[in-house]
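Protein chains: 2
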Amino acid sequence: MTDNGRTHARIRITVDLVIFTVRQESLQVLLVKRGNPPYRGRLALPGGFMRDHENLDGAARRELLEETGLGGPDVPHLEQLGAYSDPGRDPRGRVVTVSYLALAPDLPAPTAGSDAAAAVWEPVEPLLSGGDRLAFDHDVILRDALEHARRMLENTTLATAFCERDFTMGDLKRVYEAVWGVPLDLRNFYRKVNRTEGFVVPTGEKRSLETGRPALLYRKGPATLLYPPMTRASHSGHESSAQSPK
Amino acid sequence: MTDNGRTHARIRITVDLVIFTVRQESLQVLLVKRGNPPYRGRLALPGGFMRDHENLDGAARRELLEETGLGGPDVPHLEQLGAYSDPGRDPRGRVVTVSYLALAPDLPAPTAGSDAAAAVWEPVEPLLSGGDRLAFDHDVILRDALEHARRMLENTTLATAFCERDFTMGDLKRVYEAVWGVPLDLRNFYRKVNRTEGFVVPTGEKRSLETGRPALLYRKGPATLLYPPMTRASHSGHESSAQSPK
DNA sequence: ACAAAAGTGTTTGAGTTACACCCATGA
DNA sequence: TCATGGGTGTAACTCAAACACTTTTGT
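Structural data, given as structure tokens:
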């Protein structure tokens, strides 16, 4: 921590947000098309510079609000992931960025007109396995964030952050399936969720779809950690009601 | 990421190292006594400013080498944890720090004369539950790092980073006991370690203490993740050889 | 009555805990 | 031969995956 006349320039600091949501059975991330150089026209993670009076968490909350409109009493989960610091990662000069992970429910409008040209939801899977590259080192940041999100669903109750206030077990199961990319057995899923006291609390209401039995509705409970953790396994075969071997 | 004339000063960036070791059955952390204001005379985590040509990981490796002499081919584990950014966390001005976790074997000399006044190993437990406060926000950083290290032993093979090149099962067990703060059953510990292919590899050698049966020696294996994870439980009672009910 | 989705109960087998017990050495 | 740490074997129990089966709706 001692400063003995060595060469260490002052540096600009940004936050970059990896905002995930689950839409149409797939995990998607919010990206903006850059309107200015560098990387003009390329997709990038939303983000911006940390200001003088705020800390990193504050900057991340502000950017999240600007990009999605989320942030009042109904704050989605927001968590710092890591710092990216290679000299040369930003052509404009020495810029260190700190990435944040946000989990949001499926939002009606992709964005609420910020300074970014256009914000779009993009499926994550195609972005990582081939496809166009994102601006800066955002491919790496996105990959790290996905890894982190998958771990989080195993050990915490944060899957509920992807859901509306009221949700069904099927909704919650689809979140796990989208993030992990594996099918789950709904019947075992019930027990795993219910064995952790306070993961979800029933509202007493039901929701009717076009077809099928109406599902009970739940809300996020007070629990935050999962003991024991969720395990990604259990390939559901639709083997029950309509395929008895007799 | 767009810069539209807003107020965002350039900032200085430091790395702070939480270097853990296990000595005398207890988890200890390397601290330096500050020779200059602010917090002169107080204990602090070793660290320093990131330089122009290097990234954060490079700065952390350099500081680790300066403080402990470790860093050649026998690199200890070094991992980025998080960024601490509150305005006012450093009286000298706006300084953002990024913390790193390092796991080191019990080193002969606490340090190799760096620019820091004096480096000492301090037991972690007393530091967190009462006692003197560390400089800056290093109490918070230390607490976060301990939490992270405990999680790491559950899910990775990194406990071996605390050991010498050759170690016994008893050595490895003592690492877990020191970091987790709970006693383990050596007999079940064997199986847990051995069920993960490549956690440790036997050398064929043995080590004799003053008393007792000589123990087989092992080295770190190629595995890095633990499936399934280690679980902290299993209170060893010394119930075997010498207390049969007959 | 049928299809489709929601939810419950039961079998089975793998994994863990808690031990009894044996082994190898120094004093 | 005793004390001390090292190491193996095993019975009882727990838990979770797999799957049969029942319930509740819309058409």
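Here the protein sequences line up with chains A and R, keeping their order.
All residue numbers for the first sequence refer to the UniProt record's numbering, where the first residue is 1 and numbers rise by one.
All residue numbers for the second sequence refer to the UniProt record's numbering, where the first residue is 1 and numbers rise by one.
Yeah, the Cβ is synthetic: ideal placement off N, Cα and C, and Gly gets one too.
Measure the beta-carbon distance from residue i to residue j and round it to whole angstroms, keeping in mind my assumption that it falls under 8 Å.
i: Leu-142 (chain R); j: Leu-128 (chain R); result: 7 Å
i: Leu-56 (chain A); j: Gln-28 (chain A); result: Leu-56 (chain A) to Gln-28 (chain A), Cβ: 25 Å. No contact.
i: Gly-71 (chain A); j: Leu-65 (chain A); result: 4 Å
i: Glu-63 (chain A); j: Gly-88 (chain A); result: Contact flag wrong, Cβ pair sits at about 24 Å.
Identify which residue in the options has its Cα closest to the Cα of residue i.
i: Gln-24 (chain A); options: A:Tyr-100, A:Val-124 and A:Leu-216; result: A:Val-124
i: Asn-188 (chain R); options: R:Pro-91, R:Met-230 and R:Leu-64; result: R:Met-230
i: Glu-205 (chain R); options: R:Met-169, R:Pro-183, R:Lys-192 and R:Phe-49; result: R:Met-169
i: Leu-43 (chain R); options: R:Asp-16, R:Leu-56 and R:Val-193; result: R:Asp-16
i: Met-50 (chain R); options: A:Arg-61, A:Val-32, A:Asp-139 and A:Thr-7; result: A:Thr-7
i: Val-18 (chain R); options: R:Gly-71, R:Ala-118, R:Gly-198 and R:Ala-149; result: R:Ala-149
i: residue 251 (chain A); options: A:Thr-21, A:Thr-68 and A:Arg-92; result: Chain A is shown from 1 up to 246; residue 251 (chain A) falls before or after that span and cannot be answered.
i: Val-140 (chain R); options: R:Asp-74, R:Gly-88 and R:Ser-99; result: R:Ser-99
i: Lys-220 (chain A); options: A:Arg-34, A:Thr-156 and A:Arg-151; result: A:Thr-156
i: Gly-35 (chain R); options: R:Leu-45, R:Gln-28 and R:Gly-69; result: R:Leu-45
i: Pro-202 (chain A); options: A:Leu-65, A:Leu-70 and A:Pro-222; result: A:Pro-222
i: residue 273 (chain R); options: R:Lys-33, R:Asp-185, R:Pro-183 and R:Phe-199; result: Examination of residue 273 (chain R) is not possible in this model, given that chain R is present from 1 through 246 alone.
i: His-77 (chain A); options: A:Phe-162, A:Arg-195 and A:Ala-145; result: A:Phe-162
i: Pro-37 (chain A); options: A:Leu-226, A:Ala-135 and A:Gly-71; result: A:Ala-135
i: Trp-121 (chain A); options: A:Thr-224, A:Ser-26, A:Pro-228 and A:Leu-226; result: A:Ser-26
i: Ala-119 (chain A); options: A:Gly-69, A:Asp-185 and A:Leu-217; result: A:Gly-69
i: Glu-197 (chain A); options: A:Leu-226, A:Thr-211, A:Pro-126 and A:Gly-181; result: A:Leu-226
i: Ser-85 (chain R); options: A:Thr-97, A:Gly-88, A:Asp-74 and A:Asp-90; result: A:Thr-97
i: Leu-146 (chain A); options: A:Leu-101, A:Val-75 and A:Asn-194; result: A:Leu-101
i: Arg-232 (chain R); options: R:Asp-144, R:Asp-74 and R:Leu-184; result: R:Leu-184
i: Lys-192 (chain A); options: A:Leu-30, A:Pro-228, A:Gly-41 and A:Lys-33; result: A:Pro-228
Tell me whether residue i sits in a helix, a strand or coil according to DSSP, three-state version.
i: Leu-216 (chain R); result: strand
i: Arg-62 (chain R); result: helix
i: Gly-35 (chain A); result: coil
i: Asp-132 (chain A); result: coil
i: Glu-79 (chain R); result: strand
i: Pro-126 (chain R); result: helix
i: Asp-74 (chain A); result: coil
i: Arg-23 (chain R); result: strand
i: Ala-104 (chain R); result: coil
i: Thr-211 (chain R); result: coil
i: Glu-160 (chain A); result: For the sequence presented, residue 160 (chain A) should be read as Thr rather than Glu. Of the three classes helix, strand and coil, the one that applies to Thr-160 (chain A) here is helix, per DSSP.
i: Ala-118 (chain A); result: strand
i: Val-182 (chain R); result: coil
i: Gly-204 (chain R); result: strand
i: Gly-88 (chain R); result: coil
i: Ala-44 (chain A); result: strand
i: Asp-16 (chain R); result: strand
i: Thr-68 (chain A); result: helix
Around the Cβ of residue i, are there at least 16 other Cβ atoms within 10 angstroms (buried) or fewer (exposed)?
i: Ser-208 (chain R); result: exposed
i: Val-95 (chain R); result: buried
i: Ile-13 (chain A); result: buried
i: His-53 (chain A); result: exposed
i: Tyr-190 (chain R); result: exposed
i: Arg-61 (chain A); result: buried
i: Glu-67 (chain A); result: buried
i: Tyr-218 (chain R); result: buried
i: Gly-82 (chain A); result: buried
i: Val-182 (chain R); result: exposed
If you drop the 5 nearest sequence neighbours on each side, which residues of the same chain put their C-beta closer than 6 Å to that of residue i?
i: Arg-10 (chain R); result: none
i: Thr-21 (chain A); result: Gln-28, Ala-104 and Asp-106
i: Glu-164 (chain A); result: Pro-105
i: Leu-186 (chain R); result: Lys-173
Give me, in chain order, the residues of the same chain whose beta-carbon lies closer than 7 Å to that of residue i; leave out the 5 immediate sequence neighbours on both sides.
i: residue 247 (chain A); result: The question about residue 247 (chain A) has no answer here: the residues shown for chain A are numbered 1 through 246.
i: Arg-133 (chain R); result: Asp-139
i: Thr-224 (chain R); result: Thr-156 and Thr-157
Tell me which same chain residues have a C-beta within less than 8 Å of the C-beta of residue i, skipping the five on either side of it?
i: Ala-159 (chain R); result: Leu-153, Leu-172, Val-175, Tyr-176 and Val-179
Looking at the ligand FAD, does it come within less than 7 Å of residue i, judged from the CB to the closest heavy atom?
i: Lys-192 (chain A); result: In the structure on display, the ligand FAD does not appear, and there are no ligands present to speak of.
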